[in-house]
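Encoded as structure tokens, the structure appears first; notes follow it.
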Amino acid sequence: MVRRGGFLPWIVLLTVLLALLNLPLPLAAGIKASVRETLAPLHALISRAGLRLREAFDTLRGIGGLAAENRALQAEMLRLRTEVRSLQAAARDNDELRALIGFRQRAGRRLTAAEVIARDSSGWWQTLRLDRGRMDGLRPDLPVLTPDGLAGRITEVTDRTADVLLISDPGCRVSVRLPRTGAHGILRGTGMRPDGQILCRVDFVHPRHAIRPGDEVATSGLGGIYPPDLPVGHVETATPDATGIYRTAWVLPRADLGRMRRAFVLTPSASEAGGGR
Amino acid sequence: MKWPATVVLIGAAGVLQAVLPAPAIAGQTAPPVMASLVVHFALRRSRAEALSLAIACGVVFDSLGRVPLGFSSAAFAAAALLVHRYRDEVFEWRALTHVILGAAAAGGATLITGLLLTAAGHVAFALGWLTLKTAGAAVLAGVTAPLVCAAAQRLEHLIGLDAGGRR
Chain A
3 MVRRGGFLPW IVLLTVLLAL LNLPLPLAAG IKASVRETLA PLHALISRAG
53 LRLREAFDTL RGIGGLAAEN RALQAEMLRL RTEVRSLQAA ARDNDELRAL
103 IGFRQRAGRR LTAAEVIARD SSGWWQTLRL DRGRMDGLRP DLPVLTPDGL
153 AGRITEVTDR TADVLLISDP GCRVSVRLPR TGAHGILRGT GMRPDGQILC
203 RVDFVHPRHA IRPGDEVATS GLGGIYPPDL PVGHVETATP DATGIYRTAW
253 VLPRADLGRM RRAFVLTPSA SEAGGGR
Chain B
2 MKWPATVVLI GAAGVLQAVL PAPAIAGQTA PPVMASLVVH FALRRSRAEA
52 LSLAIACGVV FDSLGRVPLG FSSAAFAAAA LLVHRYRDEV FEWRALTHVI
102 LGAAAAGGAT LITGLLLTAA GHVAFALGWL TLKTAGAAVL AGVTAPLVCA
152 AAQRLEHLIG LDAGGRR
């Protein structure tokens, strides 16, 4: 096996491998960020090309149904306009009442739009990568949304990219509540099933709360990462947990986590970012 | 010209794998473009060179995902050794050699990475999931490896890297 070159090349390779496996975390993170930054332009280029191709394909496929889709969208727009008007009125009432009882005006937040440029290619985690990063004001622990509901939170950022841990990942925990019953619990992911379905579980729900299929699940605002009342999903089923003390609710996320192409990052307003809380 | 072209090839393979869809039925494994490139290097280059490139492929692959640095390098190095060991056992139809060696390399690399991640506590051990991912990677590599090997070979031919043929 080691005839010509002797043992030296093998020792060098083994040393390199062992060194890589035992690098201090900050150094390893630095190397990973440098490689990712170097490849970011190519990454964005290829993923945008893929997105345009997919959109063109979708357009061609749906060309016959455009008129019907247009009608449905107009109806939806009308409904949403009506809803916005009623919500604006409610917000005005809310602001007046808050001012009356001396509540601090809740600071508004900005939404930063981003495109999904990649998913975790190893498939061991439920993560994706956005084409916005530190240069766009993103930082770890900011919530990520889709128009339908909560998608996850940012875990790592480089100058031009941000990695998002989705709520479907077993390592993601979100404090949630069920507005109908007022029940609280901790939501965590269970990964994606082979049939592509994504279900999350809400643990530690007190059994006195009667949970029903279809119950809405929203963020509770506890924990400091996610603001309250972001829609998360709805309950599919609820079962007693292994201890029998609590109940576990199985939740179907509102966001289409398996096919997300765009996302919004909830960034703090200038006053919040500057510490003006 | 040789090394810059190789670096570009590795980077492009990593990016391509990151943007390709990962089917749930294959354990959410994206088509193993990088493992296929490792197979190509193991088939065409000397053992030491193939191993060095496998380690480099691992660094790029880990950098583009959440896998800790070095895990994929170890897995790809083992896959490169395996392919290099059996590269003379070829089938008459060359693409079939790529299919079989690609499947073995990608399946093996996924299995080794999974075991390393489990041992280090980064993911919880789930035999069914690990089996699904290993099998998924092997099946996908059966399709990807011949394509990647043919494309890489064509590219190397275009820039004059394969003048000496296999080493």
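Those protein sequence lines, which keep their order, are chains A and B. In terms of the working numbering, the first sequence opens at residue 3 and continues consecutively. In terms of the working numbering, the second sequence opens at residue 2 and continues consecutively. Virtual Cβ for every residue (Gly too), placed ideally from N, Cα, C.
(1) Going along chain B, which residues have a C-beta under 8 Å from Asp-197/A?
(2) May I have the straight-line CA-CA distance separating Ser-47/B from Lys-134/B, to the nearest angstrom?
(3) Which residues of the stretch 163-174 of chain A have a Cβ closer than 8 Å to any Cβ of chain B? Give them in chain order.
(4) Measure the CB-CB distance between Pro-32/B and Leu-141/B and report whether it falls below 7 Å.
(5) Thinking just about the alpha-carbon of each residue, which of Val-18/A, Pro-215/A, Leu-41/A and Ala-91/A is nearest to the one in Val-20/B?
(6) Give the straight-line distance between the Cα atoms of Leu-152/A and Leu-16/A, rounded to the nearest whole angstrom.
(7) Answer yes or no: does any C-beta atom of chain B fall closer than 7 Å to that of Arg-38/A?
(8) How is Asp-150/A classed by DSSP in three states: helix, strand or coil?
(9) Would DSSP call Thr-114/B helix, strand or coil?
(10) What residues of chain A sit near Gly-66/B, judged by a beta carbon separation below 7 Å?
(11) For Met-262/A, go through chain B and note every residue whose CB falls closer than 9 Å to its CB, in chain order.
(12) If contacts are defined as beta-carbon pairs under 8 Å, then Asp-258/A and Asp-150/A qualify, I think. What distance do you get, rounded to the angstrom?
(13) Output, in chain order, the set of chain B residues within a Cβ distance shorter than 8 Å of Leu-25/A.
(14) Give the interface partners of Ser-37/B over in chain A, defined as CB-CB distance under 8 Å, in chain order.
(15) Would you say Ser-73/B touches the ligand ZN, meaning its beta carbon is less than 6 Å from a heavy atom?
(16) Is the beta carbon of Ile-188/A sitting closer than 7 Å to the one on Arg-175/A?
(17) Between Arg-182/A and the rest of its own chain, which residues show a CB-CB distance below 6 Å, the 5 nearest in sequence each way excluded?
(18) Could you check where the beta strand (DSSP E) with His-208/A kicks off and where it finishes?
(19) Taking the CB atoms as reference points, tell me whether His-85/B and Ala-107/B lie closer together than 7 Å.
(20) Assuming Ala-81/B and Phe-42/B are in contact, meaning their beta carbons sit under 8 Å apart, how far apart are those beta carbons, in whole angstroms?
(21) Take every Cβ of the stretch 51-64 of chain B, pair it with every Cβ of the stretch 31-40 of chain A, and state whether three or more of those distances are shorter than 8 Å.
(22) What residues in its chain sit with their C-beta under 8 Å from that of Ala-170/B, if we drop five residues either side in the sequence?
(23) DSSP state of Asp-171/A, grouped into three classes?
(24) Is there at least one Cβ from chain A nearer than 7 Å to Leu-141/B's Cβ?
(25) Can you pull the DSSP bridge partners for Phe-62/B?
(26) Is any beta-carbon of chain B found at less than 7 Å from that of Gly-32/A?
(27) Under the rule that 16 or more other beta-carbon atoms within 10 Å means buried, what is Met-262/A, buried or exposed?
Quick look at the numbers:
(1) Along the first sequence, one-based indexing puts residue 197/A at 195. Residues of chain B with a Cβ closer than 8 Å to the Cβ of Asp-197/A are, in chain order, Ala-25 and Ile-26.
(2) Numbered from its first residue, the second sequence carries residue 47/B at position 46. Numbered from its first residue, the second sequence carries residue 134/B at position 133. Using only the alpha carbons, I get a separation of about 30 Å.
(3) Contacts with chain B (Cβ-Cβ distance below 8 Å) from the stretch 163-174 of chain A involve Asp-165 and Pro-172, listed in chain order.
(4) Along the second sequence, read from residue 1 onward, the residue named residue 32/B stands at position 31. Along the second sequence, read from residue 1 onward, the residue named residue 141/B stands at position 140. Annotated as proximal: Pro-32/B and Leu-141/B, with beta-carbon spacing under 7 Å.
(5) Counting from 1 along the second sequence, the entry for residue 20/B is found at position 19. It is Leu-41/A whose Cα lies nearest to the Cα of Val-20/B.
(6) Stepping through the first sequence from its first residue, residue 152/A is reached at position 150. Stepping through the first sequence from its first residue, residue 16/A is reached at position 14. Their backbone Cα atoms lie some 44 Å apart in a straight line.
(7) In the first sequence, residue 38/A corresponds to position 36, counting from 1. Arg-38/A counts as touching chain B.
(8) Within the first sequence, numbered from 1, the residue matching residue 150/A stands at position 148. Asp-150/A falls in the coil class under three-state DSSP.
(9) Reading the second sequence from its first residue, position 113 is the one you call residue 114/B. DSSP, reduced to helix, strand and coil, places Thr-114/B within a helical segment of the structure shown.
(10) Taking the second sequence and counting its residues from 1, the one referred to as residue 66/B is at position 65. Close to Gly-66/B, with beta-carbon spacing below 7 Å, are these residues of chain A in chain order: Asp-122, Ser-123 and Ser-124.
(11) Position 260 of the first sequence, counted from the first residue, corresponds to residue 262/A. What Met-262/A touches in chain B: nothing, since even the nearest Cβ is about 12 Å away.
(12) The residue given as residue 258/A occupies position 256 in the first sequence. The residue given as residue 150/A occupies position 148 in the first sequence. Taking C-beta atoms under 8 Å as the contact rule, Asp-258/A and Asp-150/A qualify, at a distance of about 7 Å.
(13) Residue 25/A sits at position 23 when you count from the first residue of the first sequence. What Leu-25/A touches in chain B: Leu-70 and Gly-71.
(14) Taking the first residue of the second sequence as position 1, residue 37/B is located at position 36. Contact annotation for Ser-37/B against chain A: no contact, minimum CB-CB distance about 13 Å [criterion: below 8 Å].
(15) No copy of the ligand ZN occurs in the structure displayed, which carries no ligand at all.
(16) Here residue 188/A is taken as the residue at index 186 of the first sequence, counted from 1. Here residue 175/A is taken as the residue at index 173 of the first sequence, counted from 1. Yes.
(17) As a working mapping, residue 182/A is identified with position 180 in the first sequence. Taken in chain order, the residues that qualify are Asp-217.
(18) Taking the first sequence and counting its residues from 1, the one referred to as residue 208/A is at position 206. Counting along the chain, His-208/A falls outside any beta strand (DSSP E), and DSSP gives it neither H nor E.
(19) Taking the first residue of the second sequence as 1, we reach residue 85/B at position 84. Taking the first residue of the second sequence as 1, we reach residue 107/B at position 106. For the 7 Å CB-CB criterion, His-85/B and Ala-107/B do not form a contact.
(20) Here residue 81/B is taken as the residue at index 80 of the second sequence, counted from 1. Here residue 42/B is taken as the residue at index 41 of the second sequence, counted from 1. Their Cβ separation, rounded to whole angstroms, is 7 Å, which keeps Ala-81/B and Phe-42/B in contact under 8 Å.
(21) Contact between the stretch 51-64 of chain B and the stretch 31-40 of chain A is present, because at least three Cβ pairs lie under 8 Å.
(22) Only positions 2 to 168 of chain B appear in this structure, which leaves residue 170/B out of reach.
(23) Position 169 of the first sequence, counted from the first residue, corresponds to residue 171/A. In the three-state DSSP reduction, Asp-171/A falls in the coil class, being neither helix nor strand.
(24) Numbered from 1 along the second sequence, position 140 holds the residue referred to as residue 141/B. When Cβ-Cβ separations below 7 Å define contact, Leu-141/B makes no contact with chain A.
(25) Here the question's residue 62/B lines up with position 61 in the second sequence. Bridge partners of Phe-62/B: none, in fact.
(26) The residue labelled residue 32/A in the question sits at position 30 within the first sequence. Output row for Gly-32/A: interface = no.
(27) Residue mapping note: residue 262/A aligns to position 260 of the first sequence, counting from 1. By the 16-neighbour rule on beta-carbons within 10 angstroms, Met-262/A is buried.
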